[in-house]
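Its first residue numbered 17, the sequence shown is counted upward by one per residue in our numbering.
Positions of the beta carbon are idealized from the N, C-alpha and C atoms, including for glycine.
Owing to the predicted nature of the structure, the values given are computational and were not obtained by experimental measurement.
Working notes, structure below.
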Amino acid sequence: MLIKIRKGWDLSERDVTSESHYLKRRDLLKAMGIGGLIAGSGGILAARPAYAATDDPSGHLYPVPRNEAFVGGRAMTPEEISTTYNNFYEFGSHKSISKAAQALKVRPWTVKIDGMVEKEMEIDIDDLLGQMHLEERVYRHRCVEAWSMVVPWSGFALKELVKLANPTSKAKYLVMQTFEDKSVASGQKQFWYPWPYTEALTLDEATNDLAFMVTGMYGKPVPKQNGAPLRLAVPWKYGFKQVKSIVRFSFTDTRPKTFWEELNSKEYGFWANVNPGVPHPRWRQDTERDIGTGRRIPTQMFNGYGEAVAHLYKDIAKSERLYM
Ligand SMILES: Nc1nc2c(c(=O)[nH]1)N[C@H]1C(S)=C(S)[C@@H](COP(=O)(O)O)O[C@H]1N2
Ligand SMILES: [Mo]
């Protein structure tokens, strides 16, 4: 399926920085003695290490071929920025958690598939990676805090995992949960949060072509701070749906309360589709700040992916607003 959304303010494809092109530019900047400054970032975000995991044996799988049907539509965000400006409350309720997240052990890593499935199972992450068709997709990523980035994710279509799980005809939702371990994730000592981080999609959403399980980023295994070894990408929804470091997939017929919805159901809803017309109490949503360039750009309905997903919501009652 071709998903190419062009708007007047979109950059043309040749402006999109490819990783190799980007690396060359970085070398050039280094040679010029300004390697620490990323042009256009406003100078606040100096280059810092991306913290490649040493306990991740999946490096040989990458890079994987890019699926050109999924294009970012604007310049990719430099790796140094997208791997050091994170939300991962398990490691702290601020953006600079990339160092703390290195405490996470990503092997051994077992994924549990349970609930309304023909047969419950536990599968080792490396077995799972071996069974799935890995590809790269460039996706826009939009946080409800009104910042965004463009990322080359690697991984596989979530519908492949749904097929492997073989849900029964009763199943309506797929619930995904993050690991729970206070000894590595000090944020989980904060008892007022409803750990483990839980998110869910309807099965129609989970089997949509756009729903993607991330296992890599920038042609390498996904770093811990970005949700190693397995994380969700549903780019038409706000970032808080994109649950990280998943250990469990449960199929159910009842809609669960998700992490942010449970914390504050007036501000965060189940659907969480990007909608420039519905302001959040703290962030208006009509524009967003691209963290790679520092530029403010218009926000698009469904983050620009409406062609692929708008039909999923045509029968949802207006009282169930797309955002809320
Ligand atoms: N387990 C877990 N997953 C999470 C979060 C979190 O705090 N914990 N934060 C979410 C939010 S709000 C966003 S914007 C994205 C951020 O992903 P990134 O750090 O790769 O940009 O992760 C999402 N997934
Ligand atoms: Mo977010």
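Cα atoms of residue 334 and residue 128: separation of roughly 35 Å, rounded to the nearest angstrom. Taken in chain order, the whole alpha helix (DSSP H) runs of length 4 or more contained in the region 169-221 are 174-181. DSSP, read as helix, strand or coil, puts residue 165 in strand. In the structure shown, residue 138 adopts extended strand secondary structure according to DSSP, grouped into three states.
Per DSSP, residue 324 lies in no beta strand (DSSP E); the unbroken alpha helix (DSSP H) holding it starts and ends at 322-325. Rounded to whole angstroms, the Cβ separation of residue 160 and residue 287 is 12 Å, and the two are not in contact under 8 Å. Under the DSSP definition of a beta bridge, residue 249 partners with 228.
In the structure shown, residue 329 adopts helical secondary structure according to DSSP, grouped into three states.
Using a cutoff of 6 Å, the CB of residue 105 counts as near ligand 1, since one of the ligand's heavy atoms is closer than that. For residue 277, the enclosing alpha helix (DSSP H) has its first and last residue at 275-279.
The DSSP-derived three-state label of residue 98 is helix. By the neighbour-count definition (other C-beta atoms within 10 Å, threshold 16), residue 74 is a buried residue.
Going by C-alpha positions, residue 215 is about 11 Å away from residue 266. In the DSSP assignment, residue 82 falls outside any beta strand (DSSP E), carrying neither H nor E.
By the Cβ neighbour-count rule, residue 332 is exposed, with fewer than 16 other Cβ atoms within 10 Å of its own. Secondary structure of residue 105 (DSSP, three-state): helix. Contact between the region 163-177 and the region 224-244 is present: 3 or more CB-CB pairs across the two stretches fall below 8 Å. Non-local C-beta neighbours of residue 251 in its own chain, meaning closer than 7 Å and more than five positions away in sequence, comprise 155, 156, 157, 226, 319, 321, ordered along the chain. Relative to ligand 2, residue 255 has its C-beta within less than 6 Å of a heavy atom.
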